[in-house]
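*Asks:* Quick one: the structure is below, questions incoming.
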Amino acid sequence: MDCSKAQKIGRIYDYLTAALALIALVIIYIDWRADSHMSAIGYLFVIGLVLIIYGVFFEPRRLSIRHYKEKLVKDPKSWIRIVFLSDFHAGGFRPKGWYERVAAEAQSLDPDVFILGGDYVEESASAIQEIKAISKVTAHLGKYFVLGNHDFLDRPQFIRETLSNWGLVDLTNAHVTIRKGERDVQLSALDDHWHGRPLIPPLRVSDEIPHITVAHEPDAILDFKTGDTDLILAGHTHGGQIRLPLIGSLAPIPAKLGRKVSRRRKFINGTPMIISQGCGETDFGARLFCPAQIVVVEIGI
Ligand SMILES: [Fe+2]
Numbered sequence: 289m290d291c292s293k294a295q296k297i298g299r300i301y302d303y304l305t306a307a308l309a310l311i312a313l314v315i316i317y318i319d320w321r322a323d324s325h326m327s328a329i330g331y332l333f334v335i336g337l338v339l340i341i342y343g344v345f346f347e348p349r350r351l352s353i354r355h356y357k358e359k360l361v362k363d364p365k366s367w368i369r370i371v372f373l374s375d376f377h378a379g380g381f382r383p384k385g386w387y388e389r390v391a392a393e394a395q396s397l398d399p400d401v402f403i404l405g406g407d408y409v410e411e412s413a414s415a416i417q418e419i420k421a422i423s424k425v426t427a428h429l430g431k432y433f434v435l436g437n438h439d440f441l442d443r444p445q446f447i448r449e450t451l452s453n454w455g456l457v458d459l460t461n462a463h464v465t466i467r468k469g470e471r472d473v474q475l476s477a478l479d480d481h482w483h484g485r486p487l488i489p490p491l492r493v494s495d496e497i498p499h500i501t502v503a504h505e506p507d508a509i510l511d512f513k514t515g516d517t518d519l520i521l522a523g524h525t526h527g528g529q530i531r532l533p534l535i536g537s538l539a540p541i542p543a544k545l546g547r548k549v550s551r552r553r554k555f556i557n558g559t560p561m562i563i564s565q566g567c568g569e570t571d572f573g574a575r576l577f578c579p580a581q582i583v584v585v586e587i588g589i
């Protein structure tokens, strides 16, 4: 099935599940008002059960693709397509075949730049072998990575070396200038906010050239002020993994900024930030209204 068809079907699942849940809630409300309390509780139980079954067995099979367009200069002459993946958590709840599927979808998006945002493994560094397919994605202008907090639980240097041996460039506290057409963009990445030593302020070599920062934890934005960078790409939150329409994430978001940075595009401290929902799970192997995600950003420079 091609990407766009899978995306449309995924969205239909979301709308159908939300519509059914809403209809059921209205029935429960009517029952409750009519003093049929037992019947209302019964419906509530059924809805909960349906959502649990959907979240454990169906939604984890979905892979969504979220597109963004960011003009980093007023009058862009070139556009660079970044494909950004984060939070694989290999050795956790996903089989190896899942990462092969993620890699195939990422490749089909024909990236100029391919960026990995950390949390390659859930705990054991050896599990990184399960995501080897990801390293085979080709990109016209380069492939880069930074580690996430989970990668520090077991032999972070081994994970770093493995990714480097697979042909990805370690961008931790480093920068690179990428050229497309007549225009340049700088790309840098910060060491992990929890366990590493992120460079503050971040590496911005020139105010003339637009600048993108990759940081595993979205809280990194707290150390930025307007003009330090033009865009941050982050992961870490997994979107909360379990969400309900209108309510948002049911679990607390592991960030000082909390729900403000659970997912999507935010604008904080004068800086835009795009937060991925991740490609894997931690703590439990379920997702609800928050499918695994590939982020695609068209950068105008
Ligand atoms: Fe993570």
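Throughout the sequence shown, residue numbering follows the numbering used here, covering 289 to 589 in sequence. Note that beta-carbon positions come from the ideal geometry of N, C-alpha and C, so glycine has one too. From a predicted model like this one, the values you see are computed outputs, not experimental measurements.
1) Three or more C-beta pairs under 8 angstroms: does that hold for the segment 439-452 against the segment 350-365?
2) Going by the C-beta, is His-463 closer than 6 angstroms to any heavy atom of ligand 1?
3) Just to confirm, does His-524 get its C-beta within under 6 angstroms of one of the non-hydrogen atoms of ligand 1?
4) Is it the case that the CB of Asp-571 approaches a heavy atom of ligand 1 more closely than 6 angstroms?
5) Could you tell me the distance, in whole angstroms, from the CA atom of Ile-318 to the CA atom of Thr-305?
6) Helix, strand or coil for Tyr-303, going by three-state DSSP, please let me know.
7) Candidates Ala-413, Ser-564 and Thr-514: which alpha carbon is nearest Pro-506's?
8) The beta strand (DSSP E) that contains Ile-582, what's its start and end?
9) Between the segment 535-549 and the segment 318-330, do three or more beta carbon pairs fall short of 8 angstroms?
10) Cβ-heavy atom distance between Asp-407 and ligand 1 below 6 angstroms?
11) Give a yes or no on whether the C-beta atoms belonging to Gly-566 and His-526 are separated by under 7 angstroms.
12) Which runs of the alpha helix (DSSP H) spanning at least 4 residues fall entirely within the segment 389-451, listed in chain order?
13) Determine the DSSP secondary structure at Ser-327, reduced to helix, strand or coil.
14) Return the residue from the list Cys-578, Arg-369 and Gly-523 that minimises the CA-CA distance to Ile-589.
15) For the segment 412-422 against the segment 457-477, are there 3 or more C-beta pairs whose distance is under 8 angstroms?
16) Taking just the CA atoms, how far does Arg-299 sit from Ser-537?
*Replies:* In this structure, then:
1) no
2) Along the sequence shown, one-based indexing puts residue 463 at 175. No, the Cβ of His-463 stays beyond 6 angstroms of every heavy atom of ligand 1.
3) As a first step, residue 524 must be located in the sequence shown, where it is residue number 236. Yes; taking the cut-off as 6 angstroms, the Cβ of His-524 has a heavy atom of ligand 1 nearer than that.
4) What you label residue 571 is simply residue 283 of the sequence shown in a count that begins at 1. Checking the Cβ of Asp-571 against ligand 1 gives no.
5) Along the sequence shown, one-based indexing puts residue 318 at 30. Along the sequence shown, one-based indexing puts residue 305 at 17. Distance between the alpha carbons of Ile-318 and Thr-305: 20 angstroms.
6) Mapped onto the sequence shown, residue 303 falls at position 15. Looking at Tyr-303 - three-state DSSP - the assignment turns out to be helix.
7) Numbered from its first residue, the sequence shown carries residue 506 at position 218. The shortest C-alpha separation from Pro-506 is found at Ser-564.
8) Position 294 of the sequence shown holds residue 582. Element bounds for Ile-582: 580-588.
9) no
10) On the sequence shown, residue 407 is found 119 positions in, with the first residue counted as 1. Yes, since a heavy atom of ligand 1 falls inside the 6 angstroms radius drawn around the Cβ of Asp-407.
11) Mapped onto the sequence shown, residue 566 falls at position 278. Mapped onto the sequence shown, residue 526 falls at position 238. Result yes, Cβ atoms of Gly-566 and His-526 sit closer than 7 angstroms.
12) 420-423
13) Start at 1 with the first residue of the sequence shown, and residue 327 comes out as number 39. Helix.
14) In the sequence shown, counting from the first residue as 1, residue 589 sits at position 301. For Ile-589, the nearest C-alpha among the options comes from Arg-369.
15) no
16) Taking the sequence shown and counting its residues from 1, one reaches residue 537 at position 249. Taking the sequence shown and counting its residues from 1, one reaches residue 299 at position 11. Cα to Cα, the separation comes out at about 18 angstroms.
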